[in-house]
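What follows is one structure encoded as structure tokens, with my remarks underneath.
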Amino acid sequence: MPTSTTVRRIIPSVKRNFGRIHDEFPVPDLTQIQTRSYERFLQADEHPEKRTDTGLEGVFREIFPIESYDKTLKLEYMRYDLGKPRYDPDECRQLRLTYGRPLHVWLRLNKGETVLEESVYLGDMPIMIGGGEFIINGAERVVVSQLHRSPGVDFVVEVESGDKKLHACRVIPERGSWIELQVTKKETLGVRIDQSGKFSAMTLLRAMSPQYTSDDAILNSFYEADAIDSADPKAAAKLEGRIACGDIVDPITGEVLVESGATISKALAQVLADAASLGTIHVLKDARDQLILQSLQDDPTGDHESALLRIYQRLRPGNPPQLEKARELFHEKFFDTNRYRLGKVGRFRINRKFNQDVPEDQMTLDPQDYVNAIRYILRLRRGNDPRAHIDDIDHLGNRRLRTIDELAADELRKGFLKLRRTVQERMSLKEADDMTPRSLINPKSISAAIEYFFGRGELSQVVDQTNPLAQLTHERRLSALGPGGLNRKRAGFEVRDVHISHYGRICPIETPEGTNIGLISSLGIYGGVDEYGFLITPYRKINHAKKSEEVVWMRADEESEAYLAPADAVLDDHGKLKGPSLTARYQTDFVTVAVDQIEYMDISPKQMVGVSAGLIPFLEHDDANRALMGSNMQRQAVPLLVAEPPIVATGLERSVAGNSGMVVKALQDGTVTYVDSTRVIIDHNHIYKLRKYVGLNERTCLNQKPIVQVNQKVKQGDIL
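According to the numbering used here, the sequence shown holds residues 2 to 721 in order.
Next up, the structure:
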């Protein structure tokens, strides 16, 4: 049996690449999903005045200023500072402490004439080390990113017996009550707020704005109207069988001849034609779909106020109906940004769905959004509008990633809401003269929220450190479970299945084999996250069948309208696609198209898989089930005492090792001036300590060895 030294002699020192396609696009930093999102959360390197309204800064701006109940005192937020850590990472591991930086907040207390500014300590904010781990109470932990249903608007359809289609729409906010519109079996449009009973959608529309108080205003919003002159000799024939688009009133007697929404009979049409004083009569142009008309008949309210009262009775069944209370509750439910918030993502998706330009900073529901949702249902019912389509809730255009910045901000917000109540109570109890920001603030609620999220939260897990690959894949894991996510007992087959939109974004192979199958997945090698949290993947632009240098990152919903060529499509010497036609991806299918129609091309054949599957040589010859087991078993491999290169490699090994967080990298360019087994010094003043024979979470051992030599020049990011 060959020893390790003979094996090392067998492995040739020259690398031979048998790949037909050479990757021109480098593998990105594999841990940036964690590192960038935590940088966005803390904004530690930004000047306080230049910080954006996101992450920790966003929470402070949302909670402050805090006013006393009598409005005489006001506590305002100025800025926050992050100090230097008290202990280094190794000391924290040994002493079972959290490796963090003290968080100090500068607050200003306005007491009428006097203003007092003070710095308040709120606890320690954990520091991210390596590629996404935190040292919490001495153990290394990671916060897994969560895949969840995106805020916005979704349209679905249920098929009843007899192929009758009942369309529905859900308006899902980032925070607040869900609104569910649904076509009922009686062909009326009903609405549900959260889990309350169903009532007419027209009631909610009237309550949204006084603009929709009358039936005429509602009918004019959803149907086109025809104007018929009563003096026209053919008026009677034109009016017969038409539906009035508003009350038709005799101007002399004031009598209502035809009510809004009523059908004009033959006899009534003659009466209207004979009454020349009526002038122009407005009737509906096309009322084949009578959904709105029937919904109006189903609506017992007739104006804005009665609609508010009816909704109040639905939401607060035991309380006596009072108009002011009803108005207040409705405003709180839908127009108060503290209680109802669509979020930047929700507003973006609603604007995209309805092709409208409502400003992104309008976080509450606009009455026009609700009107557009009803119009979209009408377009779906017609069935001939190519722009109206049912949403696939498992498509990655409708699911987004909540990274650590968003998850931590949500947990901290809960702590700050408790803090706000405490501050207001203390303001009412204490004497104004003795009051200081420090005496008002109880940092326990904030430090407890930080400790809970990082130490005991559902998505905070002890890092799997069996080997470098195990650690890296844990940091890149995506979970559909967790707070506000799915329940593994109730999750169906569809949500667990591989979807066409996963291509290049989520690995179709790597997932657990037990009850979590499909609910826990892994990010694709080139997968990234955009500003809205949607998963993106890069493609090379193709101009007139010629490959260009331009690389475009696209969301799943953007790529579905483009023709995409595979990375192994044959190119000639000038970089043009060969052949009159080739097989390309379009929407959810593979189609054969002319090369001139191709718009984009994959950047690499390994684009569709994740890191673990990308390490398997000849993966395309494997059975999918065996590849799944192989991907999972690589993470369980015992690490080597002496690191060796593999005989057969895929080219991804260097990126995996370099991004795993178990190696030491140079933080800047320079020359190595000193090397021994415990440390490397660059340019005489930058000291890098190496970890020697330290135990890891999975009872494996880490021993870092230097691979550089004295006087060797290194660049930033090089492995030492």
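For glycine and all other residues, C-beta sits at the position ideal for the given N, C-alpha and C.
Based on the DSSP secondary-structure assignment, which residues constitute the bridge partners of Cys170? Position 169 of the sequence shown holds residue 170. Note: Cys170 sits in a beta bridge opposite Phe156 and Leu182.
Spatial distance of His390 from Met630 (CA atoms): Here residue 390 refers to the residue found at position 389 when the sequence shown is read from its first residue. Here residue 630 refers to the residue found at position 629 when the sequence shown is read from its first residue. So the two alpha carbons sit approximately 38 Å from each other.
Could you spell out the range, first to last residue, of the beta strand (DSSP E) harbouring Lys112? The residue labelled residue 112 in the question sits at position 111 within the sequence shown. Residue range Gly101 to Lys112 is occupied by the beta strand (DSSP E) that includes Lys112.
Suppose the cutoff is 7 Å on Cβ atoms and the five residues either side in sequence are ignored; what does the same chain contact list for Ala625 look like? Indexing the sequence shown from 1 puts residue 625 at position 624. The residues are Ile510.
Excluding the 5 residues flanking Lys577 on each side, which residues of the same chain have their C-beta closer than 7 Å to its C-beta? Numbered from its first residue, the sequence shown carries residue 577 at position 576. Excluding positions up to five away in sequence, the list reads Ala546 and Lys547.
In whole angstroms, what is the alpha-carbon distance linking Cys508 and Val496? As a first step, residue 508 must be located in the sequence shown, where it is residue number 507. As a first step, residue 496 must be located in the sequence shown, where it is residue number 495. Within the model, the alpha-carbon separation for Cys508 versus Val496 is close to 15 Å.
Contact defined as beta carbons within less than 8 Å: I believe Val184 pairs with Leu297. What is the distance between those atoms, to the nearest angstrom? Stepping through the sequence shown from its first residue, residue 184 is reached at position 183. Stepping through the sequence shown from its first residue, residue 297 is reached at position 296. At roughly 15 Å, the Cβ-Cβ gap does not stay under 8 Å, so Val184 and Leu297 are not in contact.
Going by the CB atoms, is the gap between Ile537 and Gly525 shorter than 8 Å? Position 524 of the sequence shown, counted from the start, is the residue given in the question as residue 525. Position 536 of the sequence shown, counted from the start, is the residue given in the question as residue 537. Not closer than 8 Å, so no.
Please check the pair Ile543 and Ala557, which I expect to be a contact at CB under 8 Å, by giving their CB distance rounded to whole angstroms. By one-based count along the sequence shown, residue 543 stands at place 542. By one-based count along the sequence shown, residue 557 stands at place 556. In fact, because the Cβ distance is near 19 Å, the residues do not count as touching under 8 Å.
Below 7 Å CB to CB, which residues in the same chain sit around Leu697 once its five sequence neighbours on both sides are set aside? Position 696 of the sequence shown, counted from the first residue, corresponds to residue 697. Excluding sequence neighbours, Leu697 sits near Gln466 and Leu703.
Cα-Cα separation, Thr474 to Leu641: In the sequence shown, counting from the first residue as 1, residue 474 sits at position 473. In the sequence shown, counting from the first residue as 1, residue 641 sits at position 640. Take the alpha-carbon of Thr474 and the one of Leu641: they are about 19 Å apart.
Please find out if some non-hydrogen atom of the ligand MG comes closer than 7 Å to the beta-carbon of Ala563. In the structure on display, the ligand MG does not appear, and there are no ligands present to speak of.
Enumerate in chain order the residues of its own chain whose CB-to-CB distance from Asp670 is below 6 Å, with the five nearest sequence positions on each side excluded. Taking the first residue of the sequence shown as position 1, residue 670 is located at position 669. Closer than 6 Å at the Cβ level, and outside the excluded window around Asp670, lie Lys716 and Gln717.
Option in Leu76, Glu77, Pro103 and Arg97 with minimal Cα separation from Arg87: As a position in the sequence shown, residue 87 is number 86, starting the count at 1. Nearest option by C-alpha distance: Pro103.
Could you work out which residue in Ile451, Ala595 and Ile351 is closest to Asp125 when comparing CA atoms only? Position 124 of the sequence shown, counted from the first residue, corresponds to residue 125. Closest in alpha carbon position to Asp125, among Ile451, Ala595 and Ile351, is Ile451.
CB contact flag (Asp130, Thr99, <8 Å): On the sequence shown, residue 130 is found 129 positions in, with the first residue counted as 1. On the sequence shown, residue 99 is found 98 positions in, with the first residue counted as 1. Just to set this straight, residue 130 is Ile in the shown sequence, not Asp. For Ile130 and Thr99, no; Cβs fall outside 8 Å.
Is Pro127 helix, strand or coil when you go by DSSP? Counting from one through the sequence shown, the residue named residue 127 turns up at place 126. Judged by DSSP in its simplified three-state form, Pro127 adopts strand.
Exposed or buried, what is Asp370 when buried is set at 16 or more other beta-carbons lying within 10 Å of its beta-carbon? The sequence position of residue 370 within the sequence shown is 369, counting from 1. Buried, by the Cβ-count rule.
How many Å lie between Asp1 and Met203 at the Cα? The question about residue 1 has no answer here: the residues shown for the chain are numbered 2 through 721.
Please list the terminal residues of the continuous alpha helix (DSSP H) segment that includes Met630. Residue 630 sits at position 629 when you count from the first residue of the sequence shown. Annotation for Met630: the continuous alpha helix (DSSP H) segment containing it runs Ala625 to Gln635.
Residues near Thr423 in its chain [Cβ-Cβ closer than 6 Å; skip 5 each side]: Residue numbering aside, residue 423 sits at position 422 when the sequence shown is read from its first letter. Excluding its 5 nearest sequence neighbours in each direction, Thr423 has C-beta neighbours in its own chain below 6 Å: Asn443, listed in chain order.
Look at Ser661 and Gln472 and say whether their C-beta atoms are less than 8 Å apart. For the purposes of this step, residue 661 is taken as the residue at position 660 of the sequence shown. For the purposes of this step, residue 472 is taken as the residue at position 471 of the sequence shown. Yes, Cβ-Cβ distance for Ser661 and Gln472 is below 8 Å.
Separation of Gln271 from Gln314, as counted between CA atoms: For this step, residue 314 is matched to residue 313 along the sequence shown. For this step, residue 271 is matched to residue 270 along the sequence shown. Cα-Cα distance, rounded: 44 Å.
How should Gln35 be labelled, buried or exposed, when 16 other C-beta atoms within 10 angstroms of its C-beta is the threshold for buried? Stepping through the sequence shown from its first residue, residue 35 is reached at position 34. Result: buried.
When the distance is taken between beta carbons, is Phe156 closer than 8 Å to Ser605? As a position in the sequence shown, residue 605 is number 604, starting the count at 1. As a position in the sequence shown, residue 156 is number 155, starting the count at 1. Their beta carbons are not under 8 Å apart, which means Ser605 does not touch Phe156 by this criterion.
Could you check the C-alpha separation between Glu241 and Ile265 for me, to the nearest Å? On the sequence shown, position 240 is the one that residue 241 refers to. On the sequence shown, position 264 is the one that residue 265 refers to. Computed Cα separation, rounded: 6 Å.
Given that a residue counts as buried once 16 or more other Cβ atoms are within 10 Å of its Cβ, and exposed if not, what is Pro322? Position 321 of the sequence shown, counted from the start, is the residue given in the question as residue 322. Under this definition Pro322 is an exposed residue.
Whether or not the segment 88-98 and the segment 47-66 are in contact is what I'm after, with contact meaning three or more pairs of Cβ atoms, one per stretch, closer than 8 Å; do they touch? Segment contact: the segment 47-66 against the segment 88-98, fewer than three CB-CB distances shorter than 8 Å; contact not assigned.
By DSSP's criteria, His687 is part of a beta bridge. Which residues make up the other side? Against the sequence shown, residue 687 aligns to sequence position 686. Looking at the DSSP assignment, His687 forms a beta bridge with Ile683.
Mind reading off the beta-carbon distance from Glu119 to Arg439? Whole number of angstroms is fine, and I expect it under 8 Å. What you label residue 119 is simply residue 118 of the sequence shown in a count that begins at 1. What you label residue 439 is simply residue 438 of the sequence shown in a count that begins at 1. Beta-carbon to beta-carbon, Glu119 and Arg439 are separated by about 6 Å, close enough to satisfy the 8 Å threshold.
Range covered by the alpha helix (DSSP H) that runs through Ser429: Taking the sequence shown and counting its residues from 1, one reaches residue 429 at position 428. Counting along the chain, the alpha helix (DSSP H) containing Ser429 begins and ends at Ile405 to Leu430.
Any Cβ of chain B within less than 8 Å of the Cβ of Leu460? Although the question refers to chain B, the structure presented lacks it and comprises just one protein chain.
Inter-residue spacing [alpha-carbon to alpha-carbon] between Gln357 and Asn373: Numbered from its first residue, the sequence shown carries residue 357 at position 356. Numbered from its first residue, the sequence shown carries residue 373 at position 372. Spanning the two alpha carbons is a distance of roughly 9 Å.
Of all the options Gly191, Lys72 and Asp531, which has the alpha carbon lying nearest to the alpha carbon of Glu426? For the purposes of this step, residue 426 is identified with residue 425 of the sequence shown, where counting begins at 1. Residue Lys72 is the option with its Cα nearest to Glu426.
Taking the alpha carbon of Met634 as the point to measure from, which residue in Glu514, Glu560, Ser678 and Val571 has its own alpha carbon closest? Position 633 of the sequence shown, counted from the first residue, corresponds to residue 634. In this structure, Glu514 is the residue among Glu514, Glu560, Ser678 and Val571 with its C-alpha nearest to the C-alpha of Met634.
Which whole-angstrom value describes the C-beta separation of Asp299 and Arg207, a residue pair presumed to lie in contact below a C-beta threshold of 8 Å? Walking along the sequence shown from the start, residue 299 turns up at place 298. Walking along the sequence shown from the start, residue 207 turns up at place 206. About 13 Å separates the two Cβ atoms, so there is no contact after all.
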